[in-house]
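First comes the structure, then the notes that go with it.
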Amino acid sequence: MALTLNLPTASGALAPYALRGTAPVKPDAGIKFNRIAYSAAHVVADPLAAVDPWLQAAVDWDATIAYRRHLFSLGLGVAEAMDTAQRGMGLDWPTSLELIRRSLDAAKDVPGALVASGCGTDHLNLDEVKSVDDVIRGYEEQMAAIEALGGKLIVMASRALARVARSPADYERVYDRILSQARQPVVLHWLGEMFDPALAGYWGTKDTDAAMDTAIGIIAAHPDKVDGIKISLLDKDKEIAMRRRLPKGVRMYTGDDFNYAELIAGDGFGREPTHGKSDALLGIFDAIAPAASAALGALAQGNTEKFHAILGPTVPLSRHIFAAPTRFYKTGVVFMAWLNGHQKHFTMVGGQQSTRSLQHFAELFRLADAANLLEQPGLAVRRMKTLLALHGVDN
Numbered sequence: 124m125a126l127t128l129n130l131p132t133a134s135g136a137l138a139p140y141a142l143r144g145t146a147p148v149k150p151d152a153g154i155k156f157n158r159i160a161y162s163a164a165h166v167v168a169d170p171l172a173a174v175d176p177w178l179q180a181a182v183d184w185d186a187t188i189a190y191r192r193h194l195f196s197l198g199l200g201v202a203e204a205m206d207t208a209q210r211g212m213g214l215d216w217p218t219s220l221e222l223i224r225r226s227l228d229a230a231k232d233v234p235g236a237l238v239a240s241g242c243g244t245d246h247l248n249l250d251e252v253k254s255v256d257d258v259i260r261g262y263e264e265q266m267a268a269i270e271a272l273g274g275k276l277i278v279m280a281s282r283a284l285a286r287v288a289r290s291p292a293d294y295e296r297v298y299d300r301i302l303s304q305a306r307q308p309v310v311l312h313w314l315g316e317m318f319d320p321a322l323a324g325y326w327g328t329k330d331t332d333a334a335m336d337t338a339i340g341i342i343a344a345h346p347d348k349v350d351g352i353k354i355s356l357l358d359k360d361k362e363i364a365m366r367r368r369l370p371k372g373v374r375m376y377t378g379d380d381f382n383y384a385e386l387i388a389g390d391g392f393g394r395e396p397t398h399g400k401s402d403a404l405l406g407i408f409d410a411i412a413p414a415a416s417a418a419l420g421a422l423a424q425g426n427t428e429k430f431h432a433i434l435g436p437t438v439p440l441s442r443h444i445f446a447a448p449t450r451f452y453k454t455g456v457v458f459m460a461w462l463n464g465h466q467k468h469f470t471m472v473g474g475q476q477s478t479r480s481l482q483h484f485a486e487l488f489r490l491a492d493a494a495n496l497l498e499q500p501g502l503a504v505r506r507m508k509t510l511l512a513l514h515g516v517d518n
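Counting from 124, one number per residue, gives the positions in the sequence shown under the numbering used here.
Structure (structure tokens):
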């Protein structure tokens, strides 16, 4: 008998929904990917902590690190303490550094596990940042702390820099200083304003093409210090254009949660191997980890058709989770973790479980089922019914 429940529709009415019951795909064991793939991982809040959720971050460390071990087991790397983990959106710098430390420790037990960690300026009080030198000192402080743990850096976009910079030259100065000091090649991060409105005009201009010129120039000045760049602009044509301009050996890590399947598959064009395809550093890989792993395994075996057959159905779900206001996408990621039994509750740092509507969750549930992403359908239905009941919907 099919599992059924009543879900709200776009009109506000209730309608019965029967799960399709297709088992989630399971990745083959031991396959080496031919793309580097990082999942930007979420944190599991501690719902029993005596804190004010809007003001203080309380993390369930055991559940949080257990999820990272789950990602490692699927062959995925972890992009740690990024915006998916609510960095700068509920998760403060001291907690982020502890998260980085614990994640790096967990990776030591997993041969070949990849961890790259977010280095930013979010510990600075924006009202006290007066100059580019203040931003440089902020980056250097986090950089030193992460590198002392042996961590690889993801140099995150800085709200402070976007606030005080007056021209592209200010960005060039900051990144020149940081890259020249890096102990190992870093990943740069260009986060669009749809993810964080405070980053509007990053690289010193609101003209995306001119901003790209500045970013490319910075990378070209330090090609040995840049592993790659992650861009999250939700514009596949911009990503492809930038990918084909990167210096030899520098990777494009797609952060496009709308078009990742075709960008990872690639088009094969360009003068360098890295010009024809994107690697991945994606928040959606947290929510679709088993499918992402299985698809990447198929791609590594040369089975592009299977790659798209697995990953293609996840794209509508991702576009829904990352729908505007895009900065609330983390709520959908954590909701998926709860539905699939990776955490016992649907509570978030900062109380951000409240940022999406019941209709949004209902459609997310339908799309997750359509994409074969409900790992324990019976559990998912019970938990969805619990959420519905909290909103006054009986099943």
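C-beta: ideal position from N, C-alpha, C; glycine also.
What you are looking at is a predicted structure, and each value in this text was computed from that prediction instead of being measured.
Nearest-angstrom beta carbon gap, residue j and residue i [assumed within contact, 8 angstroms]
i	j	result
residue 133	residue 482	7 angstroms
residue 170	residue 417	Actually they do not touch by this definition, with Cβ atoms about 32 angstroms apart.
residue 130	residue 141	Not a contact, Cβ separation roughly 11 angstroms.
residue 472	residue 209	5 angstroms
residue 224	residue 184	About 11 angstroms separates the two Cβ atoms, so there is no contact after all.
According to DSSP, residues forming a beta bridge with residue i
i	result
residue 374	351
residue 210	214
residue 99	Any question about residue 99 goes unanswered here, given that the chain covers just 124 to 518.
residue 517	DSSP lists no partner for residue 517.
residue 402	376
residue 200	161
residue 140	128
For residue i, the three-state DSSP class (helix, strand or coil)
i	result
residue 472	helix
residue 118	Because the chain is modelled from 124 through 518, residue 118 falls outside the range shown and cannot be assessed.
residue 162	strand
residue 457	helix
residue 145	coil
residue 413	helix
residue 177	coil
residue 320	helix
residue 346	helix
residue 193	helix
residue 462	helix
residue 311	strand
residue 521	Nothing can be reported for residue 521, as the shown portion of the chain is limited to 124 through 518.
residue 392	coil
residue 328	coil
residue 156	coil
residue 420	helix
Buried/exposed call for residue i, threshold 16 Cβ in 10 Å
i	result
residue 303	exposed
residue 514	exposed
residue 174	exposed
residue 448	exposed
residue 177	exposed
residue 289	exposed
residue 324	exposed
residue 476	buried
residue 202	buried
residue 162	buried
Closer than 7 angstroms: residue i CB and nearest the ligand FAD heavy atom
i	result
residue 193	Questions concerning the ligand FAD fall outside what the structure shown contains, since it holds no ligand whatsoever.
What residue ranges within the stretch 228-303 form continuous beta strand (DSSP E) runs of no fewer than 3 residues, ordered along the chain?
Correct list: 238-242, 275-278.
My parser needs the alpha helix (DSSP H) runs of 4 or more residues fully inside the stretch 473-506; what are they?
Qualifying alpha helix (DSSP H) stretches, in chain order: 481-493.
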